[in-house]
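With positions in the sequence shown counted from 1, the corresponding number in this note's numbering is that position plus 74. Each residue gets a CB set at the ideal place from its N, CA and C atoms; glycine is no exception. This report refers to the structure that appears directly beneath it.
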Amino acid sequence: MSLSNSAYDYARVQIHGILTCKSDLHIGDGDLGIFEERKDNKERSEGCTGSYNTVYLDHEERAYIPGSSLRGSLSALLDENNATIQKLFGYERSVTNTGYGERLAGKVRIFDAHMTKTIATDGDKTPYWYEKRGTFISHGISLDDVTGTTEKGKLFRYELVPADTKFAVEIEADKLNKNEIEILLGLLTRWNGASATAIGKGTSKGYGRIEWRHTKTKVLSIDALHQWAHNATIEKPPFSDITSEINAIDISALIKKQQRYEFSIDIYPLSPLLCNEPGFVTGDKEDAGQVFYARNDKAVIPGSTLAGVVRARGRKILMTLLHQADPQKALDDIANKADKMIEELFGNKDRQSAIEFSDATDTACTTTKHLQYFNAIDRFTGGVKEGALFNVEAAQCDHLETETCYLNLGRLPEGDWWKGLLLFIVRDAVEGELAVGWGKSKGYGSLTITLNTKSYKEINTKNYQINNQSSLVDAINNEFNTGTAENWIKALHEVINNCLTNKTKGAA
75 MSLSNSAYDY ARVQIHGILT CKSDLHIGDG DLGIFEERKD NKERSEGCTG
125 SYNTVYLDHE ERAYIPGSSL RGSLSALLDE NNATIQKLFG YERSVTNTGY
175 GERLAGKVRI FDAHMTKTIA TDGDKTPYWY EKRGTFISHG ISLDDVTGTT
225 EKGKLFRYEL VPADTKFAVE IEADKLNKNE IEILLGLLTR WNGASATAIG
275 KGTSKGYGRI EWRHTKTKVL SIDALHQWAH NATIEKPPFS DITSEINAID
325 ISALIKKQQR YEFSIDIYPL SPLLCNEPGF VTGDKEDAGQ VFYARNDKAV
375 IPGSTLAGVV RARGRKILMT LLHQADPQKA LDDIANKADK MIEELFGNKD
425 RQSAIEFSDA TDTACTTTKH LQYFNAIDRF TGGVKEGALF NVEAAQCDHL
475 ETETCYLNLG RLPEGDWWKG LLLFIVRDAV EGELAVGWGK SKGYGSLTIT
525 LNTKSYKEIN TKNYQINNQS SLVDAINNEF NTGTAENWIK ALHEVINNCL
575 TNKTKGAA
């Protein structure tokens, strides 16, 4: 079937479907909420001070997805120079010396998506759950990259729509032919749970992934429109249901070239895990003061935690290399240079990370609770400090796995130095050098990983499972040439030296 445009067949088209959140979602409205308003968990909320970033709410105070967010996630995929895409989504030419460039309004309108079904939950499994809004609160902290401890004043809270929540979507367009409808349906299938069409906050950390299910397509023909316009006895425009007569088509030719490497991570805990969620803490002295993050009673390592651990490891490696290259350099200066380099790869408040992680989940349902008590010791007497008994509730499980993660080549810095840095990070990860969550100094959070990726040579369909240094080197040699890894490391050292001598080649 051709992707070319011809005269339109229908005066108006309505497409209906359901969007399911495949991960937690936050589309902020720029406002702040207070915990006392979350009436479903009133006792717990009253004990929590501070505020949280809120989501968009409709007239019934239910979370919704703005149509502009949905439209933006689709249009970002498309080749804006294609004539069919320009007719569907419109365009605006560059501003000229004489004023604004040419503009064309698009045919497609995507309305706000309203919640139709939320998950069956309660406040014990979803922190600060509020049924009316269909949301919960997630806590986050910023960790010091050097000490691994919480940075003072860096606690933040976001209101989230939980995974598995469903939203009704209505899309309307004028003057389309059948081929254009099928193109539009093909485009909607790109809402497939991947990060490429994720929306809202934290898409590089696994948030905002959505999945589309088409339910109905109705059309108003030109003849039916004329009939309705000239017959006062017909109250509503006579739309016809053509759902069974029309199918989504492959629109790969209309999509921008996506230069992204896919990978996934298998995680094998060596000790109990405690990625803390303060919202699960009851406040009762008899209950645990730290509780692991879980979804449907299955342990979860949030994508944001994985991103933070990998970023911190990368910064530590850079700090070490910078110091080795110039031991006389002030540590503050070295830290600033390491921060600038790490931001090129892992982003900052003004740019997205080149690496997109998803949550790691215990898909085999092996999670059990690990409750442990601790005493604080008086430093002077060596005895137990009175009133300092506390306990934590960690998770024990055999295996967690992420969904698809991505390395976005369009966001990568110039040169090969970043490959050398990732090489060191992956080596440390497969050798069990990384740890996540609370209690690292107490033995919690230790793990090993297997990195799963595939060949990106068209003539090679080989898959790689990288779980030690030898398999890492073999994968690089198979994909590239012997000696490539050494060249990446050499490029990293060259950029390190450039940074120390204030040269700009290859890195900031």
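- About 11 Å separates the beta carbons of VAL182 and LEU152, which is beyond the 8 Å limit, so they are not a contact pair.
- Annotated as proximal: ALA412 and MET393, with beta-carbon spacing under 9 Å.
- Nearest to TRP286 by alpha-carbon distance, out of LEU495, LYS564, ASN576, GLY91, is GLY91.
- Per the DSSP secondary-structure output, VAL569 pairs with nothing in a beta bridge.
- Between LYS249 and ALA85, the CB-CB gap stays under 9 Å.
- If you check the CB distance, ALA137 and GLU205 do not come in under 9 Å.
- By the beta-carbon neighbour count (other beta carbons within 10 angstroms, threshold 16), ILE523 is buried.
- For the segment 312 to 353, there is no continuous alpha helix (DSSP H) assignment of 4+ residues that stays within its boundaries.
- Contact between VAL383 and TRP491 does not hold, since their C-beta atoms are separated by about 21 Å, which reaches or exceeds 8 Å.
- Classified as exposed, HIS133 has fewer than 16 neighbouring CB atoms from the shown chains inside 10 Å of its CB.
- As computed with DSSP, LYS191 is found in a beta bridge with LYS240.
- When the alpha-carbon of VAL293 is set against those of GLY511, GLN364, ILE316, ASP548, the nearest one is in ILE316.
- For ASP248, the pairing in a beta bridge is given by DSSP as ARG86.
- Comparing C-alpha distances from HIS288 to each of VAL510, ALA242, GLN426, LYS536 shows the shortest one belongs to ALA242.
- With a cut-off of 8 Å on Cβ pairs, the segment 99 to 108 is in contact with the segment 274 to 283, counting three or more such pairs.
- For the pair GLU246 and VAL87, the CB atoms are nearer than the 9 Å cut-off.
- For the pair SER278 and ASP324, the Cα-to-Cα distance works out to about 26 Å.
- Per the C-alpha coordinates, the member of LYS290, ALA270, VAL510 positioned closest to LEU481 is ALA270.
- Judged by beta-carbon spacing, SER143 lies beyond the 9 Å limit of ILE329, meaning their Cβ atoms are not closer than that value.
- ASP83 is positioned such that its CB atom lies closer than 9 Å to that of LYS252.
- Between LEU259 and GLY511 a beta carbon distance of about 43 Å is seen, past the 8 Å cut, so the two are scored as non-contacting.
- In this model, CYS439 and LEU396 are separated by some 43 Å (Cα to Cα).
- In the structure shown, PHE109 adopts helical secondary structure according to DSSP, grouped into three states.
- By the criterion of a C-beta distance shorter than 6 Å, GLY141 is surrounded in its chain by ILE184, PHE185, ASP186, once the five residues flanking it on both sides are discounted.
- Excluding its 5 nearest sequence neighbours in each direction, TYR538 has C-beta neighbours in its own chain below 6 Å: THR527, ALA549, listed in chain order.
- Between CYS95 and LYS240, the gap from beta carbon to beta carbon is short of 9 Å.
- Excluding its 5 nearest sequence neighbours in each direction, GLN426 has C-beta neighbours in its own chain below 7 Å: SER278, ARG485, listed in chain order.
- In the DSSP assignment, CYS479 forms a beta bridge with PHE337.
- When rounded, the separation of the alpha-carbon atoms in PRO201 and ASN465 is 19 Å.
- In this structure ASN350 is buried. Its beta-carbon is surrounded by 16 or more other beta-carbon atoms within 10 angstroms.
- If only uninterrupted beta strand (DSSP E) runs of at least 3 residues are considered, those enclosed by the segment 466 to 512 are 474 to 476, 479 to 482.
- Nearest C-alpha to HIS567 among LEU546, ARG501, GLY494, ILE540: GLY494.
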